[in-house]
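Following my numbering, the numbering of the sequence shown begins with 31 at its first residue and continues without gaps. Don't be surprised by glycine CBs; every beta carbon is placed ideally from N, CA and C.
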Amino acid sequence: MIYKRVQIVDSHTGGEPTRIILSGGPDLGSGSIYDRWKIFRDRYDNFRNAVVNEPRGGDAWVGGLLCTPDDPDAVAGVIFFNNIGVLSMCGHGTMGLIETLRYLGRIDSGSYKIDTPAGTISAGVDKNGRCTITNVPCFRYLSDIRLNVPGLGPITGDVAWGGNWFFLTEEHRQEISPSNIDVLSDCAGAIRKSLDKAGIYGKDGALIDHIELFGQGDDGIDSRNFVLCPGGAYDRSPCGTGSSAKVACLIDSGKLKPGEVWRQQSIIGSVFELSGIWDNGEVIVSITGEAHVTGEGELVFADNDPFRSGISTQKINLETRHSTD
Ligand code: PYC
31 MIYKRVQIVD
41 SHTGGEPTRI
51 ILSGGPDLGS
61 GSIYDRWKIF
71 RDRYDNFRNA
81 VVNEPRGGDA
91 WVGGLLCTPD
101 DPDAVAGVIF
111 FNNIGVLSMC
121 GHGTMGLIET
131 LRYLGRIDSG
141 SYKIDTPAGT
151 ISAGVDKNGR
161 CTITNVPCFR
171 YLSDIRLNVP
181 GLGPITGDVA
191 WGGNWFFLTE
201 EHRQEISPSN
211 IDVLSDCAGA
221 IRKSLDKAGI
231 YGKDGALIDH
241 IELFGQGDDG
251 IDSRNFVLCP
261 GGAYDRSPCG
271 TGSSAKVACL
281 IDSGKLKPGE
291 VWRQQSIIGS
301 VFELSGIWDN
311 GEVIVSITGE
321 AHVTGEGELV
331 FADNDPFRSG
341 ISTQKINLET
351 RHSTD
């Protein structure tokens, strides 16, 4: 029997899991992080599926492949992926990564550069797992988009970039509470389909693959959200890129002053604190949240395991070209 092994550290950020691949992943060559991201996306889908989906993970998991950075001053490069494909950036995942590096003794307190396919960000963590990241530049792309959503009726929302593309709306007439997650998932899924049908995209025709619904937060909190991720799972955290997109919209509409703190709560109650400042027509957003390591070890892939490349309940991938072997 041949066993392939992949070294990992698992964490969660505000309840949302991240699995960092330390070693044992595919060789993506020596191109830029963006080029390596494309190679990973196009040739190593089975590896992605095997690492984050069942039987080793599940729909909510985000993986992060630790890579050599482009920038020699950066502490790491990272390629994020989820249950159905690759992500440009991931806020909760970056917090998981920086806490993982601290846990492994590879960094101390302070601020570090990290290369992602969406751009270079900075991140730091204290000894209690409290992480602050400064995201890629964010912006509101379209405002007050009116959509007619089957089963929901007319809704209005914005399209914004926070490292991923989001449609953001407060006008959904649904209760944002954990007991309503199934209904919220259906509503957000219907909104995503309606955007596609109406031909509404992000910049350069990008697919708007994350949907963010807002409601009232607990006392002292500005808002609670529900974020539907591209593979149908909901974000347990307030979503770093989604909350950044929200702050960009708030600042652009004058509802939040530059530098003012916005407390964004997730559907399960975890909180990120954010603030943004203008820079060249875009908004630079800082996000603070808490990440904790939950596991460390090796994933094992036996060559006689019929499910060694994982089970995807969202996308049945019959392609055998890119195996994990
Ligand atoms: O925190 O940016 C985020 C994120 C994206 C998808 C899941 N979490």
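The three-state reading of DSSP puts Tyr33 in strand, counting E and B together. Per DSSP, Asp212 lies in no beta strand (DSSP E) segment; the continuous alpha helix (DSSP H) that holds it begins and ends at 211-227. One alpha carbon belongs to Glu205, the other to Ile211, and they sit about 9 angstroms apart. At least one heavy atom of the ligand PYC falls within 7 angstroms of the beta-carbon of Thr271.
In this structure Leu96 is not in contact with Ala104, their Cβ atoms being roughly 12 angstroms apart against a cut-off of 8 angstroms. In this structure, the ligand PYC has no non-hydrogen atom nearer than 7 angstroms to the beta-carbon of His322.
Where Ala190 is concerned, the enclosing beta strand (DSSP E) starts and stops at 183-191. A distance of 8 angstroms or more separates the beta carbons of Val166 and Glu129.
In the structure shown, the three-state DSSP call for His240 is strand. Remark: fewer than three beta-carbon pairs, one from each stretch, lie closer than 8 angstroms, so the segment 317-333 and the segment 282-290 are not flagged as touching. The closest CA to that of Ile151, considering only Arg160, Thr164, Lys157, is found on Thr164. Of the residues Ser267, Asp333, Pro180, the one whose Cα lies closest to the Cα of Glu303 is Ser267.
Scanning the segment 93-138 for uninterrupted alpha helix (DSSP H) segments of 4 residues or longer gives 121-133, listed from N- to C-terminal end.
For Cys161, the uninterrupted beta strand (DSSP E) run begins and ends at 160-164, by DSSP. Residue range 63-73 is occupied by the alpha helix (DSSP H) that includes Asp65. Shortest gap from the CB of Cys161 to any heavy atom of the ligand PYC: 7 angstroms or more.
In this structure Phe196 touches His240 by the C-beta definition: roughly 5 angstroms separates them, less than 8 angstroms. The segment 223-233 and the segment 269-283 do not touch, with fewer than three beta-carbon pairs separated by less than 8 angstroms.
Boundaries around Val301 are those of the beta strand (DSSP E), 301-309, since no alpha helix (DSSP H) includes it.
The C-alpha of Gly88 lies about 25 angstroms from the C-alpha of Leu134.
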